[in-house]
Amino acid sequence: MSDFHLKMLILVTGTSRGIGEALIHHLATVQRAKVIAVSRKQVPAAKQHKDILYVKADIATEQGRALVVKAVKATRLPLAALVNNAGAMLNKPFGKITPQQLSDVYTANVATPFLLTQALLPQMVKGSHIVNIGSMGGVIGTAKFPGLSAYSSSKGALSVLTECLAEELKPRGIAANCLALGAVQTEMLKAAFPGYQAPLTSAEMAAYIADFVCTGHRFYNGKVLPVSSSTP
Ligand SMILES: NC(=O)c1ccc[n+]([C@@H]2O[C@H](COP(=O)([O-])OP(=O)(O)OC[C@H]3O[C@@H](n4cnc5c(N)ncnc54)[C@H](OP(=O)(O)O)[C@@H]3O)[C@@H](O)[C@H]2O)c1
Numbered sequence: 000m001s002d003f004h005l006k007m008l009i010l011v012t013g014t015s016r017g018i019g020e021a022l023i024h025h026l027a028t029v030q031r032a033k034v035i036a037v038s039r040k041q042v043p044a045a046k047q048h049k050d051i052l053y054v055k056a057d058i059a060t061e062q063g064r065a066l067v068v069k070a071v072k073a074t075r076l077p078l079a080a081l082v083n084n085a086g087a088m089l090n091k092p093f094g095k096i097t098p099q100q101l102s103d104v105y106t107a108n109v110a111t112p113f114l115l116t117q118a119l120l121p122q123m124v125k126g127s128h129i130v131n132i133g134s135m136g137g138v139i140g141t142a143k144f145p146g147l148s149a150y151s152s153s154k155g156a157l158s159v160l161t162e163c164l165a166e167e168l169k170p171r172g173i174a175a176n177c178l179a180l181g182a183v184q185t186e187m188l189k190a191a192f193p194g195y196q197a198p199l200t201s202a203e204m205a206a207y208i209a210d211f212v213c214t215g216h217r218f219y220n221g222k223v224l225p226v227s228s229s230t231p
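For the sequence shown, numbering that gives the first Met the number 0 gives the first residue as 0, with consecutive numbering after it.
Here it is in structure tokens:
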């Protein structure tokens, strides 16, 4: 049995760059977890870490989700945590958003975390933690910005999905929380707020998220928690 079978197993989506990439490295090196990193892109061998299993899959498709489930089952470990981090940004005036663009954003930010969580539920046990990566824009009553109607409303749906999951999974002892992030310096932030300098790097936010993934479900369940010190 390889070393991969000995530790806590955590799966993160959207790991090719930004917060997801920083998160898998923090989880593997600081939290000493076994990590499954799911991305549509192949990670070059030189960039790979020995405690991270890289799965190349498009989780927007049923085949992609099946690949992810297969990889989790192959570890023969229960899935201690699932981090739905992959997300798509669209910065476009409301009146100009096409049906296809709306569908793409909702697929990436709502339907995919919904269906992936559903597919992975059988691998989760009492004590498992689902962490959805939401946005401050997806919280009712927060500041909203022009151009982000599709993105922010999709993150709003993810917030409510989290509350629903927590309620429905309570009998199984599985917790679900949503971290509503403020600005973090990534490619996505550049697309949403060109020229804006965020107060946090991906690595700084990843360190906070990693700790929350491992311990947050002892303190929170069904919560949408703002993680933000700025507007945006
Ligand atoms: N940065 C911020 O200020 C900020 C603020 C609030 C919330 N967030 C949230 O934090 C999460 C990570 O964001 P980030 O800033 O690190 O973004 P990023 O740098 O753009 O990275 C996003 C990741 O999501 C995946 N992804 C992108 N488009 C996708 C699509 N259409 N379908 C499936 N996967 C897709 C990509 O993974 P692959 O290409 O490898 O598949 C990519 O690695 C997102 O959910 C985002 O909404 C970020």
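A virtual CB, placed ideally from N, CA and C, is assigned to each residue, including glycine.
About 4 Å separates the CB atoms of N220 and A174; that is less than 8 Å, so the two are in contact. Per the C-alpha coordinates, the member of Q196, F192 and E61 positioned closest to G136 is F192. Measuring C-alpha to C-alpha distances from N84 to each of E162, I23 and K6 identifies I23 as the nearest. With a minimum length of 3 residues, the unbroken runs of beta strand (DSSP E) contained wholly in the segment 54-121 fall at 78-83. At the C-beta level, E167 and R16 stay beyond 8 Å of one another. In this structure, T14 sits away from A32, with a CB-CB distance that is not shorter than 8 Å. Apart from sequence neighbours up to five positions away, the residues of its chain that approach V68 with a beta-carbon distance below 6 Å are A118, ordered along the chain. Pairing A65 with I9 gives a Cβ-Cβ distance that is not under 8 Å. K125 carries a strand assignment under DSSP once its states are collapsed to helix, strand and coil. DSSP places G155 in the helix class (H, G or I) of the three-state scheme. Here G133 really is in contact with L180; their C-beta atoms are around 7 Å apart, less than 8 Å. Counting along the chain, K189 sits inside the alpha helix (DSSP H) bounded by residues E186 to A191. In terms of Cα proximity to T60, the closest of P43, R39 and A73 is R39. Cβ-Cβ distances below 6 Å link V226 to L178 and L180 in the same chain, with the five nearest sequence neighbours on each side left out; the list follows chain order.
Residue state for A32 is assigned as coil, using DSSP reduced to three classes. Distances taken from the Cβ of I129 to the heavy atoms of ligand 1 include none shorter than 7 Å. In the DSSP assignment, V212 falls within the unbroken alpha helix (DSSP H) covering S201 to T214.
Counting only the Cα atoms, R75 lies some 40 Å from S228.
Non-local C-beta neighbours of M123 in its own chain, meaning closer than 6 Å and more than five positions away in sequence, comprise L78 and I173, ordered along the chain.
Per DSSP, the continuous beta strand (DSSP E) segment holding I9 begins and ends at L8 to T12.
Excluding its 5 nearest sequence neighbours in each direction, G155 has C-beta neighbours in its own chain below 6 Å: G137, listed in chain order.
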